[in-house]
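> Quick note, the sequence shown lines up with residues 1 to 167 if you use my numbering. Don't be surprised by glycine CBs; every beta carbon is placed ideally from N, CA and C. Because the structure is a prediction, the values reported are computed rather than measured.
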Amino acid sequence: MSGHPHFGGRTLARSQALQLLFQAEVCERSVEEVLAGVPCLEVGPLDPYARHLALGVEGMLPNLDAIIAARATNWSIDRMPAVDRNLLRIALYEMIAVDDVDVAVAINECVELAKAYGTEESPRFVNGLLGRVADQLAAGEDLLKAQDQPATGQSVPSGESVHDGQN
């Protein structure tokens with residue numbers, strides 16, 4: 001994940017959270033285990049908000065994945081590019097659990113990071129899915145209460161490719 005623009009502030013923190021979650025998933029470790037080692041961050045040092053996001057996402061992973069799976073038309077969560085999957089998790093966490101982040105900001109940040117780190121289709125994909133979530137939140141729907149069971153296929157085992165070999 002190098003060669004991308006450098007970010008500042010909370011955008012940098014979101015980028016670092018993405019990198020932490022990606023490393024945890026690929027290495028089949030918890031975020032705490034990645035943090036206890038030497039996380040390979042594109043830009044350091046680790047922003048405290050990045051830690052907050054990564055640990056928050058990890059703590060709500062089954063719920064976040066269920067929300068994604070219920071709204072990802074023709075996509076199973078385990079077939080999504082790992083970057084898209086983790087960006088969606090970060091944005092959803094901010095939309096649902098972080099009071100001082102506006103829903104529109106969470107969506108815009110996710111789209112911008114998808115442009116930097118994802119595939120050509122990533123920005124449109126994450127924007128569409130998060131737009132549906134935003135509409136439901138605006139209508140007063142409690143997305144966490146609506147999730148009766150976690151999504152199946154939450155992660156891709158190490159060594160397997162996702163989305164036809166694209167990450």
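Could you check how far apart the C-beta atoms of S122 and P81 are, in whole angstroms? I think they sit under 8 angstroms.
Mapped onto the sequence shown, residue 122 falls at position 122. Mapped onto the sequence shown, residue 81 falls at position 81. Contact annotation, S122 with P81: C-beta distance approximately 7 angstroms; criterion of less than 8 angstroms satisfied.
> Could you tell me whether the Cβ atoms of L129 and R51 are closer together than 7 angstroms?
Stepping through the sequence shown from its first residue, residue 129 is reached at position 129. Stepping through the sequence shown from its first residue, residue 51 is reached at position 51. Cβ atoms of L129 and R51: not closer than 7 angstroms.
> Starting from A72, follow the alpha helix (DSSP H) in both directions and report where the run begins and ends.
Your numbering for residue 72 matches position 72 in the sequence shown. Per DSSP, A72 belongs to no alpha helix (DSSP H) and is neither H nor E.
> Closest Cβ-Cβ distance between E121 and chain B: below 7 angstroms?
Here chain B cannot be found, since the structure has a single protein chain.
> If you compare alpha carbons, which of F22, G9 and A17 is closest to V83?
Within the sequence shown, the letter at position 83 stands for residue 83. Nearest C-alpha to V83: F22.
> Figure out for me which residue from A116, E94 and I67 has the closest Cα to the Cα of L55.
Position 55 of the sequence shown, counted from the first residue, corresponds to residue 55. The residue with the shortest Cα to Cα distance from L55 is E94.
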